[in-house]
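**Student:** Take a look at the following structure, please.
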Amino acid sequence: MPEVQKPRRCLFVDRDGTMIKEYPPLYQIDDFSKLSFYPEALLYLGRIARELDFELVLVSNQDGLGTPKFPEQDFTPVHRLIMETFAGEGVHFSEELIDRSMPEDGLDTRKPGIGMFGKYLDNPAFDIPGSYVIGDRITDVQLAKNLGCAAIWLKNNPTLGGGEVKDGAAELERHVALATKDWKDIYEYLRGKERSVIHTRNTSETMIEIALNLEGSGQCAINTGLHFFDHMLDQVGRHGGMDLSIRVQGDLHIDEHHTIEDTGIALGEAFAKALGSKRGIERYGFALPMDETEAKVLLDFGGRNWIVWNAVFRREKVGDMPTEMFFHFFKSFSDAARCNLHVECRGDNEHHKIEAIFKAFAKALKMAVRKDPLSDYLPSTKGVL
Ligand SMILES: [Mg+2]
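Residues 51 to 435, numbered by our numbering, are exactly what the sequence shown covers, in order.
Structural data, given as structure tokens:
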């Protein structure tokens with residue numbers, strides 16, 4: 051199956067006060083004696099660059115750069131050292147957007163204006179709502195709002211305002227995804243978001259909206275219109291340690307078939323999306339007992355869909371869910387997530403059997419999607435999963 055090119059998410063990173071420390075009162079870094087790096091910026095921006103999938107863009111106002119008050123030759127050597135030091139940690143910016151104007155010039159190229167961002171806006175190659183501005187001033191938050199993305203506010207000096215902010219504090223607060231003084235928090239926040247997706251799938255038979263966070267804590271909100279199915283999907287999130295919200299409007303007036311099948315497809319698609327490049331994941335399964343029942347679910351996110359189903363149900367329905375749809379759900383999931391799934395179950399009680407399967411499935415998912423934060427290893431000898 052050909053890979054669809056995912057729109058790129060960007061981190062628009064401010065320089066002064068964010069990557070390096072500010073130097074009051076002039077705030078002009080024009081000499082090596084004025085240079086010091088923001089604590090842990092090198093470490094954690096480095097980890098963000100190496101582990102997460104963002105395009106990095108530097109965005110900086112350098113007031114009067116190139117004028118006698120701030121000659122180019124005073125700026126460039128220090129700037130070069132900053133960029134080379136970050137590059138040494140794996141931080142490579144695809145572009146540097148540096149405005150040289152003064153606030154009184156009122157130019158739109160100056161932050162929080164978006165005059166230099168034309169390439170990123172209205173361009174399907176970039177996912178701007180999924181992007182962030184990282185900066186230390188309220189003008190960086192205003193920039194995020196103007197771009198239509200979220201702000202990560204490195205709030206190290208709350209007295210730093212900005213005369214160029216148009217919106218009120220309350221309005222800007224809504225665009226702040228995270229306010230912190232600490233680069234470690236930024237790394238952890240972005241890492242959590244990295245494997246979080248909102249996925250919709252609409253057909254004439256079903257309308258499905260899924261929010262999945264693989265780094266969640268088991269918070270679930272499931273509403274498919276089928277109570278027993280909801281109960282089963284709840285097991286997936288809870289025992290999988292993932293946040294999972296599923297809302298389905300299906301053609302239940304016909305029967306349960308499309309709702310269950312399409313939810314399986316959409317959930318599989320959501321997992322495939324959330325797993326991204328699969329770098330650092332564990333890949334593989336789980337077995338568990340439930341009273342007299344024993345369920346085994348083996349799973350491999352190796353990129354090839356296949357299902358082996360070894361579970362027999364004697365009743366036609368459990369709750370409001372036809373038992374013939376159990377296989378169909380897992381088959382749909384396996385196809386859409388492109389995973390190999392082996393399901394085996396022995397027991398007497400039909401409710402226990404299917405619940406044990408869903409729980410083992412949840413545990414298998416939890417194990418397989420787990421990511422080692424220190425590993426960038428792709429668990430495949432093929433170089434792709
Ligand atoms: Mg700044």
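Just so it is clear, CB atoms sit at the ideal spot from N, CA and C, and this is done for glycine as well.
If the criterion is Cβ atoms closer than 9 Å, does the pair A200 and V226 meet it?
**Tutor:** Yes, Cβ-Cβ distance for A200 and V226 is below 9 Å.
**Student:** Let me check understanding here. Comparing Cα to Cα, which of K367, S382, A387, F380 lies closest to E400?
**Tutor:** Checking every option, the nearest Cα to that of E400 belongs to K367.
**Student:** Are K413 and F336 closer than 9 Å when you measure CB to CB?
**Tutor:** Yes; because the gap between Cβ atoms is below 9 Å, this pair is in contact.
**Student:** Under the three-state reduction of DSSP, which class applies to T309: helix, strand or coil?
**Tutor:** Here T309 sits in helix by DSSP.
**Student:** Considering S382, what are the terminal residues of the beta strand (DSSP E) in which it resides?
**Tutor:** No beta strand (DSSP E) holds S382; the alpha helix (DSSP H) holding it covers 374-387.
**Student:** Please report the distance separating the alpha-carbon of G67 from that of S246.
**Tutor:** Taking the straight line joining both Cα atoms gives about 29 Å.
**Student:** In or out: D158 buried (at least 16 other Cβ within 10 Å) or exposed?
**Tutor:** When all chains shown are included, D158 counts as exposed.
**Student:** Using only CA atoms, which one of Q192, P179, S254, G291 lies nearest to I164?
**Tutor:** Nearest of Q192, P179, S254, G291 to I164, Cα basis: Q192.
**Student:** Since L348 is in the beta strand (DSSP E), which residue starts that stretch and which ends it?
**Tutor:** Its beta strand (DSSP E) spans residues 343-350.
**Student:** Can you tell me which of N206, Q78, T313, K409 puts its alpha carbon nearest to the alpha carbon of S382?
**Tutor:** Taking only the C-alpha atoms, the option nearest S382 is T313.
**Student:** Can you say whether A418 is buried or exposed, counting buried as having 16 or more other CB atoms within 10 angstroms of its CB?
**Tutor:** Answer is buried; the Cβ neighbour count reaches 16.
**Student:** Along the alpha helix (DSSP H) that carries H281, what are the first and last residues, could you check?
**Tutor:** It spans 277-290 - the alpha helix (DSSP H) in which H281 sits, taken as one unbroken run.
**Student:** Can you say whether M51 is buried or exposed, counting buried as having 16 or more other CB atoms within 10 angstroms of its CB?
**Tutor:** Because the pLDDT of M51 is 39, which lies under 50, any placement of that residue in the model is unreliable, and the number read from its coordinates should be weighed accordingly. When all chains shown are included, M51 counts as exposed.
**Student:** Taking the C-alpha atoms as reference points, what is the distance between H392 and A345?
**Tutor:** Roughly 11 Å between the two C-alpha positions.
**Student:** Given 8 Å as the limit, tell me if T230 has its C-beta closer than that to any heavy atom belonging to ligand 1.
**Tutor:** Not so, every heavy atom of ligand 1 lies at least 8 Å from the Cβ.
**Student:** In whole angstroms, what separates the C-alpha of I304 from that of K409?
**Tutor:** The alpha-carbon atoms of I304 and K409 are separated by roughly 29 Å.
**Student:** Judging by CA-CA distance, which residue of V63, K216, A194 is the nearest neighbour of G156?
**Tutor:** It is K216 whose Cα lies nearest to the Cα of G156.
**Student:** In three-state DSSP terms, what is N206?
**Tutor:** N206 falls in the coil class under three-state DSSP.
**Student:** When the Cα of G42 is compared with those of N111, T189, I202, which residue comes out closest?
**Tutor:** Only positions 51 to 435 of the chain appear in this structure, which leaves residue 42 out of reach.
**Student:** Between the Cα of L415 and those of P127, L197, V286, spot the shortest distance and give me the residue it belongs to.
**Tutor:** Measuring from the Cα of L415, the nearest candidate turns out to be V286.
**Student:** At the level of alpha carbons, what is the spacing between G180 and E342?
**Tutor:** For G180 and E342, the distance between alpha carbons rounds to 47 Å.
**Student:** By Cβ distance, which residues of its chain are closer than 8 Å to E122, with the 5 residues on each side in sequence left out?
**Tutor:** Result list for E122: L115, G116, in chain order.
**Student:** Can V128 and F167 be called in contact, C-beta distance under 9 Å?
**Tutor:** No.
**Student:** At a cut-off of 8 Å, is E72 close to ligand 1 when judged by its beta-carbon and the heavy atoms of the ligand?
**Tutor:** Checking every heavy atom of ligand 1 against the Cβ of E72, one is found closer than 8 Å.
**Student:** Report all residues from its chain with a CB closer than 8 Å to the CB of V54; omit the five preceding and five following residues, and keep chain order.
**Tutor:** Here V54 scores only 47 on pLDDT, less than 50, and its place in the model should not be relied on; the value that follows carries that caveat. Once the five neighbours on either side are set aside, V54 has no close Cβ partner at all.
**Student:** For chain B, check one thing: does any of its Cβ atoms lie closer than 9 Å to the Cβ of K346?
**Tutor:** Of the chains in the structure shown, none is chain B; there is only one protein chain.
**Student:** Going by Cα to Cα distance, which pick from D284, K71, A91 is closest to F411?
**Tutor:** Of the listed residues, the one whose Cα sits closest to F411 is D284.
**Student:** With respect to 8 Å, is the separation between the Cβ of D80 and the closest non-hydrogen atom of ligand 1 below this value?
**Tutor:** No, ligand 1 has no heavy atom inside 8 Å of this Cβ.
**Student:** What is the residue span of the beta strand (DSSP E) that F62 lies within?
**Tutor:** Start and end: 60-64.
**Student:** Considering just the uninterrupted stretch of the beta strand (DSSP E) at E394, what are its terminal residues?
**Tutor:** Run containing E394: 390-396, per the beta strand (DSSP E) assignment.
**Student:** Does the Cβ of D66 lie closer than 8 Å to at least one heavy atom of ligand 1?
**Tutor:** Yes; taking the cut-off as 8 Å, the Cβ of D66 has a heavy atom of ligand 1 nearer than that.
**Student:** What residue range does the alpha helix (DSSP H) around Q123 cover?
**Tutor:** Residues 122-138.
**Student:** Using the Cβ count rule (16 or more neighbours within 10 Å means buried), how would you classify D186?
**Tutor:** Buried, by the Cβ-count rule.
**Student:** Note the first and the last residue of the continuous beta strand (DSSP E) segment covering R251.
**Tutor:** Its beta strand (DSSP E) spans residues 246-252.
**Student:** Let me know if G198 comes out buried or exposed under the rule of 16 or more other beta-carbons within 10 Å of its beta-carbon.
**Tutor:** Counting Cβ neighbours within 10 Å, G198 comes out exposed, since fewer than 16 surround it.
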